[in-house]
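Residue numbers (my numbering): 260 to 550.
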């Protein structure tokens, strides 16, 4: 709980109008980076205690279950404040300084043509849509990677399919276009062209992101400490999902499918109004604008 309180103080500093704007953007990104680590380690470890039915109280008088419940409430409140800060304060303030984060629909026709060319050349070749069905199991989803889940209606057969599309790591999160300082989120750009990517009509979709258990412990009597650490780090890639983040507009059908495939409960789902993975703001804050 004190970790979450610390993140709250960082967010308060990000909300301080006396702090330079790009520093505020950077601090907002740091809150997300801290929360990612918090869920991967602290929430994962606490959930393991609950599942192991550990009933002893911690020094603050809480059981593991009480800590888990209260931490979720505090995290939800914290991310709601962060969403409001980004959407209602920081993003408009950046736009006023010529750094516009905009959806594709708000781009000019010339900017849209440039985005289309860039998508076809740099992004489309990196996308790997995977249909999920009885003969095709749900693909492995890396921790903290952005993905798009969609229900697609096949144009030829009218069959409904559940499809996962990756958001590539090797492209900028904020795709610059034109001379007005406009930047488009790469996932928004993929969604804009999603019908063409999946070869059908997208009926429902959501951007999603999972956080996996990264907590581990080493035995005191390990023969080779380096080997033990390497083994634990290799296993950590496949840790259980402890958090599923989805867009606030995620459809019930898509969300239900994700929770079943990822084998998680409803209290592990976190809806966001802002873009997922706001730690990407750390890169945006590095633009060369010393003033």
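Using N, Cα and C, we set each Cβ at its ideal position, and we do this for glycine too. The structure displayed is predicted, hence computed values, not measured ones.
Practice task
Have a look at 413, 378, 425 and flag the residue whose alpha-carbon is nearest the alpha-carbon of residue 398.
Solution key: In the chain shown, counting from the first residue as 1, residue 398 sits at position 139. The candidate whose alpha carbon is nearest that of residue 398 is 425.
Problem - Three-way DSSP call (helix, strand, coil) for residue 267 in this model - result: The residue labelled residue 267 in the question sits at position 8 within the chain shown. Helix at residue 267.
Handout entry: Bridge partners - residue 382, DSSP secondary structure assignment
Key = Counted from its first residue, the chain shown places residue 382 at position 123. None, per the DSSP bridge assignment.
Practice task
Can you tell me the Cβ-Cβ gap for residue 464 and residue 378, rounded? I've got them flagged as a contact below 8 Å.
Solution key: As a working mapping, residue 464 is identified with position 205 in the chain shown. As a working mapping, residue 378 is identified with position 119 in the chain shown. So it is not a contact: roughly 17 Å between Cβ atoms.
Problem - Euclidean distance between Cα positions of residue 507 and residue 531 - result: Within the chain shown, the letter at position 248 stands for residue 507. Within the chain shown, the letter at position 272 stands for residue 531. Taking the straight line from one Cα to the other gives about 5 Å.
Exercise for the section: Sort 537, 550, 544, 543 by Cα distance to residue 290 and report the nearest one. Expected result: Translated into the one-based positions of the chain shown, residue 290 becomes position 31. Of 537, 550, 544, 543, the residue nearest in Cα terms is 537.
Handout entry: residue 316 burial status per 10 Å Cβ neighbour count (16 or more: buried)
Key = Against the chain shown, residue 316 aligns to sequence position 57. Exposed: under 16 other Cβ atoms inside 10 Å.
Problem - Option nearest residue 345 by Cα separation, candidates 518, 286, 525, 366 - result: The count along the chain shown starts at 1 and reaches residue 345 at position 86. Nearest to residue 345 by C-alpha distance, out of 518, 286, 525, 366, is 286.
Handout entry: residue 422 to residue 279 span [Cα, whole Å]
Key = Residue numbering aside, residue 422 sits at position 163 when the chain shown is read from its first letter. Residue numbering aside, residue 279 sits at position 20 when the chain shown is read from its first letter. When the Cα atoms are used, residue 422 and residue 279 turn out to be separated by approximately 42 Å.
Exercise for the section: Kindly confirm or deny that the stretch 323-336 and the stretch 297-309 touch, where touching means at least three C-beta pairs closer than 8 Å. Expected result: The stretch 323-336, when compared against the stretch 297-309, does touch it at the 8 Å Cβ threshold.
Practice task
Put residue 447 into one of helix, strand or coil per three-state DSSP.
Solution key: Indexing the chain shown from 1 puts residue 447 at position 188. The answer is helix: DSSP assigns residue 447 an H, G or I state.
Problem - Same chain only: Cβ atoms within 8 Å of residue 270, ignoring 5 sequence neighbours per side - result: Numbered from 1 along the chain shown, position 11 holds the residue referred to as residue 270. Once the five neighbours on either side are set aside, the close Cβ partners of residue 270 are 286, 287, 290, 337, 340, 341, 344.
Practice task
Take residue 297 and list the residues in its own chain whose beta-carbon comes closer than 6 Å to its own, dropping the five residues that flank it on each side.
Solution key: The sequence position of residue 297 within the chain shown is 38, counting from 1. Within the same chain, 262 come within 6 Å of residue 297 by CB-CB distance, once the 5 residues on both sides are set aside.
Practice task
Please classify residue 540: is it buried, with 16 or more other beta-carbons within 10 angstroms of its beta-carbon, or exposed?
Solution key: To locate residue 540, count along the chain shown from 1; it is residue 281. With 16 or more Cβ atoms within 10 Å of its Cβ, residue 540 is classed as buried.
Handout entry: Sufficient close CB pairs (3 or more, under 8 Å) joining the stretch 346-359 to the stretch 432-440
Key = Yes: at least three Cβ pairs fall under 8 Å.
Exercise for the section: Give me the Cα-Cα distance between residue 400 and residue 350, rounded to the nearest whole angstrom. Expected result: On the chain shown, residue 400 is found 141 positions in, with the first residue counted as 1. On the chain shown, residue 350 is found 91 positions in, with the first residue counted as 1. Using only the alpha carbons, I get a separation of about 29 Å.
Handout entry: Residue range of the beta strand (DSSP E) that includes residue 390
Key = In the chain shown, residue 390 corresponds to position 131, counting from 1. Element bounds for residue 390: 389-391.
Problem - Rounded separation between residue 391 and residue 306 - CA only - result: On the chain shown, residue 391 is found 132 positions in, with the first residue counted as 1. On the chain shown, residue 306 is found 47 positions in, with the first residue counted as 1. When only Cα atoms are considered, residue 391 and residue 306 end up about 28 Å apart.
Exercise for the section: Look up residue 350 in the DSSP assignment and say whether it is helix, strand or coil. Expected result: Within the chain shown, the letter at position 91 stands for residue 350. Looking at residue 350 - three-state DSSP - the assignment turns out to be helix.
Exercise for the section: Use the C-beta contact count for residue 408: other C-beta atoms within 10 angstroms, 16 or more gives buried, fewer gives exposed. Expected result: Here residue 408 refers to the residue found at position 149 when the chain shown is read from its first residue. Buried.
Problem - Sequence-distant residues of its chain with Cβ nearer than 8 Å to residue 454 (five each side left out) - result: Numbered from 1 along the chain shown, position 195 holds the residue referred to as residue 454. Counting only Cβ-Cβ distances below 8 Å, and skipping sequence neighbours, we find 460, 461.
Exercise for the section: Give a yes or no on whether the C-beta atoms belonging to residue 374 and residue 363 are separated by under 8 Å. Expected result: In the chain shown, the residue the question calls residue 374 occupies position 115. In the chain shown, the residue the question calls residue 363 occupies position 104. Taking 8 Å as the Cβ cut-off, residue 374 and residue 363 qualify as a contacting pair.
Practice task
Take residue 516 and list the residues in its own chain whose beta-carbon comes closer than 6 Å to its own, dropping the five residues that flank it on each side.
Solution key: The sequence position of residue 516 within the chain shown is 257, counting from 1. These residues qualify, in order along the chain: 421.
Exercise for the section: Kindly give me the distance between the Cβ atoms of residue 501 and residue 470, rounded to whole angstroms, as I take these residues to be in contact under 8 Å. Expected result: Sequence index remark: in the chain shown, residue 501 carries index 242 (1-based). Sequence index remark: in the chain shown, residue 470 carries index 211 (1-based). Their Cβ separation, rounded to whole angstroms, is 6 Å, which keeps residue 501 and residue 470 in contact under 8 Å.
Exercise for the section: Would you mind sorting residue 276 into buried or exposed? The rule is 16 or more other CB atoms within 10 Å of its CB. Expected result: Numbered from its first residue, the chain shown carries residue 276 at position 17. With fewer than 16 other Cβ atoms inside 10 Å of its own Cβ, residue 276 counts as exposed.
Practice task
Return the chain-ordered list of same chain residues with a C-beta closer than 7 Å to the C-beta of residue 295, the five sequence neighbours on each side being excluded.
Solution key: By 1-based counting over the chain shown, the position of residue 295 is 36. Only 403, 470, 538 meet the Cβ criterion.
Handout entry: Burial state of residue 533 (16 or more Cβ within 10 Å)
Key = What you label residue 533 is simply residue 274 of the chain shown in a count that begins at 1. Note on residue 533: 16 or more other CB atoms within 10 angstroms of its CB, so buried under the neighbour-count rule.
Handout entry: C-beta atoms of residue 467 and residue 444 nearer than 8 Å
Key = To locate residue 467, count along the chain shown from 1; it is residue 208. To locate residue 444, count along the chain shown from 1; it is residue 185. Result no, Cβ atoms of residue 467 and residue 444 do not sit closer than 8 Å.
Practice task
Look at residue 388 and residue 456 and say whether their C-beta atoms are less than 8 Å apart.
Solution key: For the purposes of this step, residue 388 is taken as residue 129 along the chain shown, with counting starting at 1. For the purposes of this step, residue 456 is taken as residue 197 along the chain shown, with counting starting at 1. Note that the C-beta distance between residue 388 and residue 456 is below 8 Å.
Practice task
State the DSSP-derived secondary structure class of residue 304, mapped to helix, strand or coil.
Solution key: What you label residue 304 is simply residue 45 of the chain shown in a count that begins at 1. DSSP places residue 304 in helix when its eight states are reduced to three.
Handout entry: Residues of its chain near residue 524, where Cβ-Cβ distance is below 8 Å and the 5 sequence neighbours each way are ignored
Key = For the purposes of this step, residue 524 is taken as the residue at position 265 of the chain shown. Excluding residues up to 5 positions away in sequence, 518 lie with their Cβ nearer than 8 Å to the Cβ of residue 524 in the same chain.
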